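Chemist: Position 28 of the sequence shown, counting from 1, maps to 28 under full-length UniProt numbering, and the rest follow consecutively. From the three backbone atoms N, C-alpha and C, an ideal C-beta is built for every residue, glycine too. Predicted model, so just to flag it, every value in this text is computed and none were measured.
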Amino acid sequence: MKIVLPTAGKGTRLRPHTNTKAKSLVHVAGKTVLEHIVSRLAPLNAEEYIFINDEDNGPQVMDFMAETFPQLNCWATLQKERLGPAHAVSLAAPRINSGDDVLVVFNDTIFVADLDRIAQLCSDCDGLIYSKEVEDYQRFGVNVVDEAGFIVDMVEKPDTPISRLAQVGLYYLKDGRGFMDFLERTIQAGETVKGEYYLPAVFMNMIRAGLKLKAPTIDAWLDCGKPETLLETNRYLLAGRHHAHGEVRDSVLIDPVHIEKGAVVQNAILGPNVSVAAGSVIADSIVRDSIINADSEVRSMILDGSIIGESARLIGAARRMNIGDHSLVEMS
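(1) On the CB-based measure, 16 or more other CB atoms within 10 Å of its CB, does K221 come out buried or exposed?
(2) With a cut-off of 8 Å on the beta carbons, I'd call I3 and L41 a contact; round off their distance for me.
(3) Looking only at its chain, what residues have a beta carbon closer than 6 Å to the beta carbon of E135, apart from the 5 residues adjacent to it on each side?
(4) Start and end of the beta strand (DSSP E) containing V102?
(5) Going by DSSP, name the residue or residues bridged to N267.
(6) What residue range is occupied by the uninterrupted alpha helix (DSSP H) comprising Q71?
(7) Just to check my reading of the structure: I291 and V28 have Cβ atoms closer than 8 Å, yes? What is that Cβ distance to the nearest angstrom?
(8) Please return the same chain residues whose Cβ sits closer than 7 Å to the Cβ of T229, not counting the five positions on each side in sequence.
(9) Taking all protein chains shown into account, decide if H36 is buried (16 or more other Cβ within 10 angstroms of its Cβ) or exposed.
(10) Tell me, please, which residues DSSP counts as bridged to G262.
(11) Going by alpha carbons, who is nearest to V145 out of R185, M204, L170 and T186?
(12) Skipping 5 residues on each side, what residues in its chain have a beta carbon closer than 6 Å to that of D100?
(13) Which same chain residues end up closer than 7 Å to R241 when comparing Cβ atoms and leaving out the 5 residues on each side of it in sequence?
(14) So is residue 340 buried or exposed if we call it buried at 16+ other beta carbons inside 10 Å?
(15) Hey, how far is the Cα of S251 from the Cα of P272?
(16) Can at least three beta-carbon pairs, one atom from the segment 39-58 and one from the segment 73-85, be found at a separation below 8 Å?
(17) Is it the case that the Cβ atoms of Q79 and A8 are separated by a distance below 8 Å?
(18) How long is the line joining the alpha carbons of residue 417 and P158, rounded to whole angstroms?
(19) Taking P6 as the reference, which of M65, R139, H87 and K31 has the closest Cα?
(20) With DSSP collapsed to three states, give me the class of G99.
(21) Please state the DSSP three-state secondary structure of L211.
(22) Rounded to whole angstroms, what's the CA-CA distance from V202 to A278? Just pull it up for me.
(23) Apart from the five residues just before and just after M301, which ones in its own chain have a Cβ nearer than 6 Å to its Cβ?
(24) Where does M62 sit, in a helix, a strand or coil, going by DSSP?
(25) Report the partner residues of M154 according to the DSSP bridge assignment.
(26) Examine chain B for any beta-carbon lying closer than 8 Å to the beta-carbon of D56, and answer yes or no.
(27) Could you check what DSSP says for R313 in three-state terms: helix, strand or coil?
(28) Just verifying my parser: in three-state terms, what is the DSSP assignment at I37?
(29) Mapping the DSSP letters down to three states, classify A283 as helix, strand or coil.
(30) Excluding the 5 residues flanking I254 on each side, which residues of the same chain have their C-beta closer than 8 Å to its C-beta?
(31) So, at 6 Å on beta carbons, what are the nonlocal neighbours of T32 in its own chain, with the 5 sequence-adjacent residues on each side left out?
(32) Counting C-beta neighbours from all protein chains within 10 Å, is the total for L44 16 or more, i.e. buried, or is it exposed?
(33) Where does A93 sit, in a helix, a strand or coil, going by DSSP?
(34) Bridge partners for Q167 per DSSP, in chain order?
(35) The beta strand (DSSP E) spanning Y49 covers which residue range?
As structure tokens, then:
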């Protein structure tokens, strides 16, 4: 198996956290998004990991892979033109040979799925377009399936509930070389949406040619593309966990929390749903539902629903008050 990971893109919805790093290297629940994803792929024993990077963040991504997963065979290329996700995936073609099966994984989301069942799920079809049933179907491209579970249509952001099976950015193709050929033909035909090439057009061309695709559902679809959804993902991944590997003094921890080795927490209340990266110091503060990245300092602060980047300093001040009866003091 070859695994294709398109990691190009500016991550504009996650700014300012992506101003200096790739969106796949943003931290959540004690790991980068990319580390969460690759850890879930490890049981597949893939022959090669193929990264589609951009010129700005590509070196960061590959340095991270070399340091964190040195045992994996990785290859990288650049998407020099922003021509859409299907174009990005097509750049893996030089590495896909006859007989290769391919798994495409986009890095905006962390998935929870049993990938060991791929062979079983794909026994009577040519590919899997992993999906998740959602209520807000208008926001996504959705799969329309027949009674046997085969995809018969794909609709981008439907106005009516023709389907609630949203595509989650996880795709398996049994014939990887054939898939690359369909990508190339779709691009050569100029099938774009607002100047970019998207995968649904490729998959529909495959279906029209007689190939069969199914839409198995995953257990959880954890969006990491916006600050608010990153915090939701942090809550989900921390549930049931309590890891305090750093130094904690005179503090109260309200589960779940994740404190990495090398972090210091002193005279503070942390939790629930707080992750603190190595090298950070939190003192005289109350922090809940937040992500504190590496080498940052938080002193005399109250934080809720916050994401603090690397090497940031937030220093507040204690207040002395003499407040009479029936008073209201609001500090925003």
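Modeler: Looking at the coordinates:
(1) Counting from one through the sequence shown, the residue named residue 221 turns up at place 221. The residue you asked about is not Lys; residue 221 is Trp in the sequence shown. Classification for W221: buried.
(2) Here residue 3 refers to the residue found at position 3 when the sequence shown is read from its first residue. Here residue 41 refers to the residue found at position 41 when the sequence shown is read from its first residue. About 6 Å; that satisfies the 8 Å criterion.
(3) Along the sequence shown, one-based indexing puts residue 135 at 135. Result list for E135: empty, nothing under 6 Å.
(4) The sequence position of residue 102 within the sequence shown is 102, counting from 1. Its beta strand (DSSP E) spans residues V102 to V105.
(5) Within the sequence shown, residue 267 is the residue found at index 267, counting from 1. DSSP, once it has assigned bridges, lists no residue as partnering N267.
(6) The residue labelled residue 71 in the question sits at position 71 within the sequence shown. No alpha helix (DSSP H) holds Q71; DSSP gives it neither H nor E.
(7) Sequence index remark: in the sequence shown, residue 291 carries index 291 (1-based). Sequence index remark: in the sequence shown, residue 28 carries index 28 (1-based). Confirmed, about 6 Å.
(8) If you number the sequence shown from 1, residue 229 lands on position 229. For T229, where only same-chain residues beyond five positions count, the Cβ hits under 7 Å are D223.
(9) Along the sequence shown, one-based indexing puts residue 36 at 36. Flag for H36 reads buried.
(10) Residue numbering aside, residue 262 sits at position 262 when the sequence shown is read from its first letter. For G262, no pairing in a beta bridge is given by DSSP.
(11) In the sequence shown, residue 145 corresponds to position 145, counting from 1. For V145, the nearest C-alpha among the options comes from M204.
(12) Taking the sequence shown and counting its residues from 1, the one referred to as residue 100 is at position 100. K2 and G176.
(13) As a first step, residue 241 must be located in the sequence shown, where it is residue number 241. Cβ within range, chain order: P256 and H258.
(14) With the chain covering only 1 through 332, there is no way to say anything about residue 340.
(15) The residue you call residue 251 lines up with position 251 of the sequence shown. The residue you call residue 272 lines up with position 272 of the sequence shown. Straight-line Cα distance between these residues: approximately 13 Å.
(16) yes
(17) Translated into the one-based positions of the sequence shown, residue 79 becomes position 79. Translated into the one-based positions of the sequence shown, residue 8 becomes position 8. Cβ atoms of Q79 and A8: closer than 8 Å.
(18) No answer is possible for residue 417: the residues shown for the chain start at 1 and end at 332.
(19) Your numbering for residue 6 matches position 6 in the sequence shown. Comparing Cα positions, the closest option is H87.
(20) Counting from one through the sequence shown, the residue named residue 99 turns up at place 99. G99: coil per DSSP, three-state reduction.
(21) Position 211 of the sequence shown, counted from the start, is the residue given in the question as residue 211. It is coil, neither helix nor strand.
(22) Position 202 of the sequence shown holds residue 202. Position 278 of the sequence shown holds residue 278. Going from the Cα of V202 to the Cα of A278 covers about 43 Å.
(23) As a position in the sequence shown, residue 301 is number 301, starting the count at 1. Correct list, in chain order: S285, L314 and G316.
(24) On the sequence shown, position 62 is the one that residue 62 refers to. If DSSP states are grouped into helix, strand and coil, M62 belongs with the helices.
(25) The sequence position of residue 154 within the sequence shown is 154, counting from 1. DSSP output for M154 lists N143 as bridge partner(s).
(26) Included in the structure is just one protein chain, with no chain B present.
(27) The residue labelled residue 313 in the question sits at position 313 within the sequence shown. Here R313 sits in strand by DSSP.
(28) The residue labelled residue 37 in the question sits at position 37 within the sequence shown. Looking at I37 - three-state DSSP - the assignment turns out to be helix.
(29) As a position in the sequence shown, residue 283 is number 283, starting the count at 1. Of the three classes helix, strand and coil, the one that applies to A283 here is strand, per DSSP.
(30) Position 254 of the sequence shown, counting from 1, holds the residue named residue 254. Correct list, in chain order: I269, L270, G271, P272 and R288.
(31) Your numbering for residue 32 matches position 32 in the sequence shown. Hits under 6 Å: L25.
(32) In the sequence shown, residue 44 corresponds to position 44, counting from 1. Answer is exposed; the Cβ neighbour count stays below 16.
(33) Residue 93 sits at position 93 when you count from the first residue of the sequence shown. Three-state DSSP puts A93 in a helix.
(34) Your numbering for residue 167 matches position 167 in the sequence shown. Paired residues: S131.
(35) The count along the sequence shown starts at 1 and reaches residue 49 at position 49. That run of the beta strand (DSSP E) goes E48 to N53.
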